[in-house]
Amino acid sequence: MKAFLGIFLLLIGFSLQSNAYDLTPGKWHAAIHREDGKNIVFTLAISKVKNQTTFSFINGKESLKTTDIQSKGDSLIVHMPVFESFFRLKIINKDSLQGDWVRNGISAETKIPFTATAKISKRFPYTTTTNAVNASGKWALNFSNDDNKPSPAIGVFQEKNHIVTGSILTPTGDYRFLEGVTSGDSILLSTFDGVHALVFAGKINIKDSTISGNMISGAKGLTAFTGKKDLNPQLPNTSEMYVKDGESGKLNFTFKDLNGKEVSINDPKFKNKVVIIDLMGSWCPNCMDETAFLSDFYKKNKARGVEVIGLAYEYTTDYERSVKSLTKFQKKFDVQYPMLITGVSVADPKRTEKTLPELTDIKMFPSTIILDKTGKVAFIDTGFEGPGTGEYYTKFVKEFDEKIDKLLK
């Protein structure tokens with residue numbers, strides 16, 4: 009009885025959506041504070057309806073909303089809607105929050121100081137001049153890796169009245185929704201989604217349409233980049249996957265779903281169906297975008313004979329931790345197809361051999377395997393160009409639809 013009473017008092021002391029705090033509604037200026045002073049800023053919107061507070065993390069057209077907020081006195085814990093990421097905050101007053109952004113990793117957590125201030129709507133300050141640069145268009149970019157080898161990327165930006173939105177694509181994915189400004193010859197872009205915490209700070213030379221600057225990432229990351237406007241920039245395909253020579257093209261796997269039930273690709277449910285297998289992880293921002301796409305696609309196409317399976321490669325082999333993290337994905341995007349836990353860490357060098365030995369190495373997340381009605385691999389797509397990439401996403405959707413239509417005939 010005493011133990012029960014103690015737990016009860018703890019729960020009411022640190023409660024969900026308590027009325028003990030009252031923050032100014034509207035847009036807030038949020039900042040993750042790095043030791044080198046190169047802070048990562050973004051826009052946070054706070055609203056309250058019928059005693060339910062919502063934190064919205066805004067990047068261009070995207071607004072990631074969470075109501076998973078715990079309070080105790082002047083302290084808050086704000087959980088991101090997806091990912092193992094949260095804010096531990098202290099309410100200074102109704103216009104000010106201070107604390108830390110905490111992100112769980114494979115074996116440890118990263119903690120970085122954080123502040124947010126109300127009544128500041130501008131993400132970045134900027135000056136209005138008639139001869140300011142215009143960032144609109146496509147840019148062929150190169151990022152400098154640790155080995156000094158250039159890593160190609162594509163910037164695709166739209167600018168109106170100094171406000172810039174868009175994304176940057178790389179051979180392994182994209183940096184999702186970016187938002188920022190141009191001011192004079194400078195361009196500043198940022199994003200925050202619970203994993204990505206990025207600022208791109210550069211200078212644009214109007215005379216030769218070149219750009220140079222730095223990508224500021226997380227607690228310590230700093231990567232130089234250069235580039236030039238290009239009507240048709242290209243990326244190399246460095247992460248292709250294939251069916252191994254000598255294999256039939258059929259896969260054979262059985263893994264547990266989020267309820268502990270074993271699901272096999274050989275189950276009757278998948279016979280004579282076009283099956284989309286999504287290789288993903290709950291730690292992966294591009295996987296979030298693909299899960300949103302596939303969840304919607306499945307609802308619209310399952311009656312046509314399409315099935316989807318998510319195969320998750322998580323940070324650890326801890327089943328319960330994986331279930332907790334993947335359940336956030338499932339609820340956020342109303343996923344109605346099975347999400348299976350492979351039980352193999354994403355960092356395991358033998359992850360392909362242990363899960364899909366019929367294929368060459370899994371090099372990228374997400375990757376998508378599409379099986380025809382006979383159960384054989386018909387297509388393998390690595391990476392995902394998400395909705396932040398504009399026309400690249402539109403092209404992906406069109407080509408994906410065409411592949412499925414072809415296999416359903």
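According to the working numbering, the stretch in the sequence shown is residues 9 to 417, in order.
Every residue, glycine too, gets a C-beta built ideally from N, C-alpha and C.
Nearest-angstrom Cβ-Cβ length linking residue i and residue j, presumed shorter than 8 Å
{"i": "F151", "j": "S159", "result": "4 Å"}
{"i": "L415", "j": "D380", "result": "5 Å"}
{"i": "M372", "j": "S247", "result": "4 Å"}
{"i": "L287", "j": "I370", "result": "6 Å"}
{"i": "G7", "j": "F132", "result": "As shown, the chain starts at 9 and ends at 417. That puts residue 7 outside it, with no answer to give."}
{"i": "K237", "j": "K146", "result": "7 Å"}
{"i": "P241", "j": "A148", "result": "4 Å"}
{"i": "T325", "j": "G351", "result": "6 Å"}
{"i": "R94", "j": "F122", "result": "As written in the sequence, residue 94 is Phe, which differs from the Arg given in the question. That belief does not hold up - the Cβ atoms of F94 and F122 are roughly 11 Å apart, past 8 Å."}
{"i": "E366", "j": "L196", "result": "Incorrect: roughly 46 Å between the Cβ atoms, too far for contact."}
Proximity to residue i [Cα-Cα], best of the options
{"i": "V110", "options": "L243, L149, I40, S64", "result": "I40"}
{"i": "T432", "options": "E410, V331, G257", "result": "For the chain, the structure presents residues 9 to 417; residue 432 sits outside this window and is missing."}
{"i": "D193", "options": "L206, T178, I212", "result": "I212"}
{"i": "K417", "options": "G313, L302, Y323", "result": "G313"}
{"i": "K168", "options": "T360, K56, S191", "result": "S191"}
{"i": "T231", "options": "A124, D238, M223", "result": "M223"}
{"i": "I171", "options": "K73, T136, I214, N240", "result": "T136"}
{"i": "E70", "options": "A53, F278, Y323, R329", "result": "A53"}
{"i": "K175", "options": "V207, S55, S333, F408", "result": "Note on residue identity: the sequence assigns Ser, not Lys, to residue 175. Answer by Cα proximity: V207."}
{"i": "D216", "options": "N142, M249, L197", "result": "N142"}
{"i": "G229", "options": "T178, N153, V57, K269", "result": "N153"}
{"i": "N309", "options": "F408, T178, R359", "result": "F408"}
{"i": "M249", "options": "T360, K130, I114", "result": "T360"}
Beta-carbon spacing of residue i, residue j below 8 Å
{"i": "L364", "j": "F261", "result": "yes"}
{"i": "W201", "j": "N67", "result": "Correcting the residue type first, residue 201 is Asp in the shown sequence and not Trp. In this structure, N67 lies closer than 8 Å to D201 by Cβ."}
{"i": "A227", "j": "R42", "result": "yes"}
{"i": "V164", "j": "G394", "result": "no"}
{"i": "K119", "j": "Q106", "result": "no"}
{"i": "D30", "j": "K127", "result": "no"}
{"i": "E298", "j": "P374", "result": "yes"}
{"i": "T180", "j": "G318", "result": "no"}
{"i": "G396", "j": "L186", "result": "yes"}
{"i": "S198", "j": "I100", "result": "no"}
{"i": "V331", "j": "S303", "result": "no"}
{"i": "K277", "j": "E315", "result": "yes"}
{"i": "A161", "j": "T178", "result": "yes"}
Contacting residues, own chain, Cβ-Cβ under 7 Å from residue i (five flanking each side not counted)
{"i": "D265", "result": "V271, P346, M347, L348"}
{"i": "H204", "result": "Y183, R184, P293"}
{"i": "G289", "result": "C295, A320, Y321, E322, V354, F373"}
Own chain partners of residue i with C-beta closer than 6 Å, once the 5 adjacent residues on each side are dropped
{"i": "V90", "result": "M296, K336, F337, K340"}
{"i": "A124", "result": "W36, A38, L52, L105"}
{"i": "E92", "result": "N112, S333"}
{"i": "T218", "result": "K236"}
{"i": "Y400", "result": "E393"}
Contacting residues, own chain, Cβ-Cβ under 8 Å from residue i (five flanking each side not counted)
{"i": "V405", "result": "F301"}
{"i": "I378", "result": "V282, V283, I284, I285, V385, A386, F387, I388, D389, K411, I412, L415"}
{"i": "E117", "result": "V110, R111"}
{"i": "I77", "result": "L24, Q25, T61, F63, L84, I85, V86, H87"}
- Task: Kindly provide the ranges of any alpha helix (DSSP H) runs that are 4 or more residues long and lie completely inside the region 290-353, ordered along the chain.
- Result: 293-309, 327-340
- Query: In chain order, which continuous runs of the beta strand (DSSP E) of length 3 or greater are located wholly inside the region 158-194?
  - Reply: 158-168, 171-178, 186-191
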